[in-house]
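Asker: My structure is below; once you've seen it, I'll send some questions.
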Amino acid sequence: PRLVDKVAPADPADPNSREAILPQAGQVLFPDSSYKTAQAIRDFNKEGLPVMIFANWRGFSGGSRDMAGEILKFGAMIVDALREYEHPVYIYLPPHGELRGGSWVVVDPTINEAKMEMYADPDSRGGILEPAGITEVKFRLADQLKVMHRLDSQLQVLDSELESTDFEDAQDEIRDQITVREDQLKPVYLQAATEFADLHDKTGRMKAKGVIREAVPWAESREYFYYRAKRRIAEDECVGQLVSADASLTTGEASDMLKAMCDGDWEDNKAVVSFFEEKSSEIVEKVKSIKSAAIQAQIESLKKELDGVEFQ
């Protein structure tokens, strides 16, 4: 990750102040970059644009200087901006990119499930803790030693010899051999555990847990997101028209109506884009009929209400 320098200029009103150059690590959100991100998202929302976020962050900077710089407030601003976003938002983890810690929290699709979707390249990684951190917490030295003595045949032999002998000198010698063997195995077991933890951060596991919508290879991402964005814009517009025509309709019900009208595979973005382009007149007629039925139902409701009123 590239290191950048933040320059804090000297205060002209204070003769004792000096210019400060503060190094900032790459892949980390600082108070200034968090505020800039939140502000950009709000600007895009006002301009009516879909947003594509290439997420490659290891987390927020949590030092005492950053806490004093209100990192929590500016991080929460990103959440607020995404929660209020009215257009499609795509979060994509690029090849060899990673999304960790608090930076995952502020772009999680559950913030705005109607608009936000997360995707990842098969070579990316995602998870709150990095594999080395997981093994340090969940696979401590005592746990490693238990697994070694359960699986390694040489240690099992030494353990049985230690139990069978009553001489202290022999026991000390066996214990030394056990320690040597444990030291030989520690790096191997730690590496295996780290690899196992890394498997949980891959796209297959993310997809199985439902935290990403799809694993999209980088080579296919331009075409995929072109049709996905085109489909979402057309779908959101049609859903909005249906909901405006009949206020009793939910977004999900309006989407199901469009799905019922589509002859192709609803999960195929390209096919759905073709459906919206070719059947636009049918969708307009559907909106008109829904609006007409909603108005008719409203008139009948008012008529029943009127019939029940007694005038004096």
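Each residue of the sequence shown is one higher than the one before, counting from -12 in this note's numbering.
Every residue, glycine too, gets a C-beta built ideally from N, C-alpha and C.
Check this for me: beta carbons of Q164 and L145, under 8 Å apart or not?
Answerer: Annotated as proximal: Q164 and L145, with beta-carbon spacing under 8 Å.
Asker: Roughly how many whole angstroms lie between the Cα atoms of A195 and D(-8)?
Answerer: Whole-angstrom Cα-Cα distance: 40 Å.
Asker: Looking at the secondary structure, which residues open and close the alpha helix (DSSP H) in which P18 lies?
Answerer: Unbroken alpha helix (DSSP H) run through P18: P18 to K33.
Asker: My parser needs the alpha helix (DSSP H) runs of 4 or more residues fully inside the stretch 113 to 190; what are they?
Answerer: 118 to 125, 128 to 138, 140 to 151 and 155 to 186
Asker: Using CA coordinates, which residue listed in Y72, K266, E269 and V124 is at the minimum distance from V347?
Answerer: The question about residue 347 has no answer here: the residues shown for the chain are numbered -12 through 299.
Asker: In angstroms with no decimal places, state the Cα-to-Cα distance between D95 and M103.
Answerer: 8 Å
Asker: Could you tell me the distance, in whole angstroms, from the CA atom of H74 to the CA atom of Y214?
Answerer: 16 Å
Asker: How would you label T238, buried or exposed, when you count the other beta carbons within 10 angstroms and need 16 or more for buried?
Answerer: Looking at its Cβ environment, which holds fewer than 16 other Cβ atoms inside 10 Å, T238 is exposed.
Asker: For a test of the three-state rule: what should DSSP assign to P10, helix, strand or coil?
Answerer: strand
Asker: Between the C-alpha atoms of T122 and P(-1), what's the straight-line distance to the nearest angstrom?
Answerer: Going by the C-alpha atoms only, they are around 50 Å apart.
Asker: Tell me the residue span of the alpha helix (DSSP H) that contains Y213.
Answerer: W205 to A232
Asker: Please confirm whether N43 and L69 have their CB atoms less than 8 Å apart.
Answerer: no
Asker: In whole angstroms, give me the CA-to-CA distance for K291 and K275.
Answerer: 24 Å
Asker: Considering only residues of the same chain and omitting the five flanking positions on each side of G13, which have a CB-CB separation below 8 Å?
Answerer: P(-12), R(-11), L(-10) and V(-9)
Asker: In the DSSP assignment, the beta strand (DSSP E) including F282 goes from what residue to what residue?
Answerer: Correcting the residue identity first, residue 282 is Ile in this sequence and not Phe. Note, I282: premise wrong, no beta strand (DSSP E); alpha helix (DSSP H) at S267 to D294.
Asker: Grab the span of the alpha helix (DSSP H) containing A55 for me, first residue to last.
Answerer: S51 to A55
Asker: Helix, strand or coil for W253, going by three-state DSSP, please let me know.
Answerer: In the three-state DSSP reduction, W253 falls in the coil class, being neither helix nor strand.
Asker: For V226 and T24, I'd like the C-alpha separation in whole angstroms.
Answerer: 29 Å
Asker: So A107 packs on G113, CB below 8 Å; how close in whole Å?
Answerer: 6 Å
Asker: Straight-line CA distance for Q285 to L86?
Answerer: 50 Å
Asker: Using alpha carbons as the reference points, say which of V175, P204 and V259 lies closest to K189.
Answerer: Minimum Cα distance to K189 is reached at P204.
Asker: Spell out the partners DSSP gives I78 in its beta bridges.
Answerer: I40 and M105
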